[in-house]
Amino acid sequence: MMLQPHARPRDVDPSLLRSWPLPVPSNDADKEDRGHVLVLGGSREMPGAVILAATAALRAGAGKLTIATGRSVAQLVALALPESRVLGLAENEAGGFTVEAVAALDPLADKISAILIGPGMQDEAATARLVHALLPRLDGSDTKVVLDAEAMGAVLHPPAGDPPFRFAVPVLLTPHAGEMAHLTGSAKDEICAAPDRHALEAAQHWNAVVVLKGARTVIAAPGGERWQNEGGNVGLATSGSGDVLAGILAGLAARGADLAQAAAWGVALHARAGEHLAERFGRLGYLARELCDGIPALLEQAAGDSADAAPKPTGTFAGGLRVER
0 MMLQPHARPR DVDPSLLRSW PLPVPSNDAD KEDRGHVLVL GGSREMPGAV
50 ILAATAALRA GAGKLTIATG RSVAQLVALA LPESRVLGLA ENEAGGFTVE
100 AVAALDPLAD KISAILIGPG MQDEAATARL VHALLPRLDG SDTKVVLDAE
150 AMGAVLHPPA GDPPFRFAVP VLLTPHAGEM AHLTGSAKDE ICAAPDRHAL
200 EAAQHWNAVV VLKGARTVIA APGGERWQNE GGNVGLATSG SGDVLAGILA
250 GLAARGADLA QAAAWGVALH ARAGEHLAER FGRLGYLARE LCDGIPALLE
300 QAAGDSADAA PKPTGTFAGG LRVER
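Anchor point for the sequence shown: position 143 equals 142 in numbering that gives the first Met the number 0, and the numbering is continuous, going up by one each time.
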C-alpha cells in the first residue's frame with residue numbers, strides 16, 4: 000500500500016489498519032517463511048530488556064528467533080527463552096559489545112528477515128560503532144533494521160566525521176521525546192510542543208522511519224508521510240514497555256511488513272494490549288511482560304476486522320501509546 004505525503008497525519012485507527020492488512024503466512028508455511036528475527040541487545044545490568052523484546056517479536060508472529068547478547072548473561076537469556084538460539088558476544092568494561100561481534104553475526108546476515116538492535120545495551124559509542132559495522136553487511140540484503148535505545152546513538156556517532164548522518168538504506172528508529180532531544184540537540188520541551196515537525200525533520204534528515212513515542216505518537220517516513228496515534232493509558236509508561244514495542248515492530252517486519260506498516264501496526268497493537276490489561280488490573284501496576292501475551296489474540300482480531308471491513312462498535316481494535324519518558 001503506497002501512501003502519499005499529506006497535509007495532516009493520518010490516524011492509526013481501525014479504518015487505516017483494515018486498508019493496510021499485514022502479510023499473513025499460508026497454512027503450509029514453515030518457520031523460515033514466517034520470518035527470522037535477530038534481537039541484538041542486553042547487558043549485565045539489563046538482560047531483561049532483550050528477553051522482553053525477543054518475546055514480543057515471537058508474539059507478533061515471527062517464526063524464528065536468534066538473540067545475540069553479552070556472554071555474561073547469554074546462559075540466563077537462553078534459559079528464559081528456550082525458543083531461541085542465543086549467541087554470547089564479547090563485552091567491554093562499560094558493558095557494551097566490541098566490534099568483533101560483527102564476525103560472530105556475519106553468518107546470519109543473509110538469513111535474517113529483520114534485526115532489532117538496542118534493547119538493554121550500554122555504552123552508546125561502542126554500540127554506534129557496532130551498528131555502523133553491521134549496516135554495510137546488511138545493505139545488500141532484504142533485512143529490515145530497527146534501532147532502539149542506545150543503538151539510535153548511531154546518528155550521533157557517524158563512522159567518519161561529525162553529524163549529521165544519513166542512513167544509506169532506511170531504518171526504523173523509536174525515540175521518546177527525551178531520546179529525540181539527545182539525538183537532535185533540541186530541548187525536550189520543544190519536541191513535546193511540536194512533535195510532528197521534529198519527527199518529520201528527523202525522518203528526512205536521517206532517511207529513517209521515526210516513531211516519536213508519547214501520549215500522542217507521531218510516525219514519520221522519509222518521503223513526508225505521517226501517521227498519528229492517540230489514546231492508550233498511563234500504565235504503558237512503565238519500565239520495559241518500550242522494549243516490548245521494539246520487539247513487536249521487529250516481529251512484524253520479520254514477517255513481511257515494511258517499516259512504516261510495522262510502525263503503525265506495532266504502535267496500535269502495543270496500545271491495545273495496554274488497554275486490555277487496564278481493563279483487567281486497572282491503569283497502574285500491570286507489567287510490561289504482560290503486554291506480550293495479548294498480542295496474538297489482538298492480531299487475530301485485527302485480521303478479522305480487515306477481512307470483513309465492517310464498522311465495529313466501540314472497543315474494537317484501536318488505541319494510542321504511552322511509554323516511559
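Idealized CB from N, CA, C, for every residue including glycine.
Distance between beta carbons of residue j and residue i, contact taken as under 8 Å
i	j	result
leucine 88	alanine 67	6 Å
methionine 179	leucine 211	6 Å
isoleucine 116	alanine 79	Their Cβ separation, rounded to whole angstroms, is 19 Å, which puts isoleucine 116 and alanine 79 out of contact at 8 Å.
alanine 167	aspartate 138	6 Å
glycine 231	threonine 173	Rounded, the Cβ-Cβ distance is 16 Å, inconsistent with contact.
histidine 197	proline 163	Actually they are not in contact, since the Cβ atoms of histidine 197 and proline 163 sit about 14 Å apart, beyond 8 Å.
valine 38	alanine 249	7 Å
valine 266	isoleucine 190	Not confirmed; about 18 Å, so no contact.
alanine 127	glycine 152	5 Å
leucine 251	histidine 269	Not a contact, Cβ separation roughly 11 Å.
valine 72	glycine 41	6 Å
Selected residue, minimal CA-CA separation from residue i, among the options
i	options	result
proline 31	Arg7, Gln300, Ala113	In the sequence under discussion, the amino acid at residue 31 is glutamate, which differs from the proline named in the question. Nearest C-alpha to glutamate 31: Ala113.
glycine 184	Gly303, Ala245, Ala201	Ala201
alanine 52	Arg271, Pro20, Ile294	Ile294
alanine 272	Ala261, Tyr285, Ala262, Gln260	Tyr285
leucine 16	Ala259, Leu276, Arg288	Ala259
alanine 93	Ala125, Gly139, Ala100	Ala125
glycine 119	Glu149, Arg84, Arg136, Asp188	Glu149
arginine 215	Val170, Ala263, Ala256	Ala263
alanine 302	Arg84, Ala193, Ala59	Ala59
glutamine 300	Ala287, His275, Arg282, Glu289	His275
leucine 86	Val98, Thr97, Leu199, Leu104	Leu104
alanine 102	Val130, Val76, Asp122	Val130
glutamate 123	Thr142, Phe96, Pro106	Phe96
arginine 136	Leu39, Phe164, Pro106	Pro106
leucine 235	Ala277, Ala220, Val209, Gly223	Ala277
histidine 35	Arg84, Asp292, Lys187	Arg84
glycine 246	Arg43, Pro20, Ser42, Ala48	Ala48
lysine 143	Lys63, Ala28, Ala261, Pro157	Ala261
alanine 28	Asp10, Ala77, Ala61, Gly40	Ala61
arginine 288	Lys110, Ile111, Ala55, Asp188	Ala55
proline 20	Ala256, Leu290, Glu82, Ala296	Ala256
alanine 192	Leu182, His181, Ala176	Ala176
aspartate 292	Pro22, Glu44, Leu57, Gly213	Leu57
Segment limits, alpha helix (DSSP H) that includes residue i
i	result
tryptophan 205	194 to 205
leucine 182	176 to 183
glutamate 229	Here glutamate 229 belongs to no alpha helix (DSSP H); instead the beta strand (DSSP E) covers 225 to 229.
alanine 125	123 to 138
valine 266	258 to 280
alanine 249	240 to 253
leucine 104	100 to 104
arginine 165	Per DSSP, arginine 165 belongs to no alpha helix (DSSP H) and is neither H nor E.
arginine 17	13 to 17
aspartate 292	287 to 292
Where residue i falls, given that 16 or more other Cβ within 10 Å makes a residue buried
i	result
leucine 146	buried
proline 8	buried
arginine 327	Summary: the structure shown does not reach residue 327, with the chain confined to residues 0 through 324, and so no result is reported for it.
arginine 254	buried
glutamine 74	exposed
glutamate 99	exposed
arginine 279	exposed
leucine 134	buried
serine 25	exposed
serine 238	exposed
arginine 225	buried
glycine 281	exposed
asparagine 228	buried
proline 169	buried
glutamate 90	buried
glutamine 3	Its pLDDT being 42, under 50, glutamine 3 is placed unreliably by the model, and nothing is read from it.
glycine 223	exposed
serine 18	exposed
leucine 199	buried
proline 221	buried
lysine 110	exposed
proline 310	In this prediction, proline 310 has a pLDDT of 45, which is less than 50 and means its spatial position is unreliable; nothing more can be read from the coordinates.
leucine 297	buried
alanine 186	exposed
glutamate 159	For clarity, residue 159 is alanine in the given sequence; the question names glutamate instead. With fewer than 16 other Cβ atoms within 10 Å, it is exposed.
valine 233	exposed
valine 11	buried
leucine 171	buried
proline 46	buried
Residue i, enclosing beta strand (DSSP E) - first and last residue
i	result
threonine 216	215 to 219
leucine 155	Careful: leucine 155 lies outside any beta strand (DSSP E) and carries neither H nor E.
leucine 146	143 to 146
alanine 113	113 to 116
leucine 172	170 to 172
Any chance you could list the beta strand (DSSP E) runs of at least 3 consecutive residues sitting entirely within the region 21 to 85, in chain order? 35 to 39, 63 to 69
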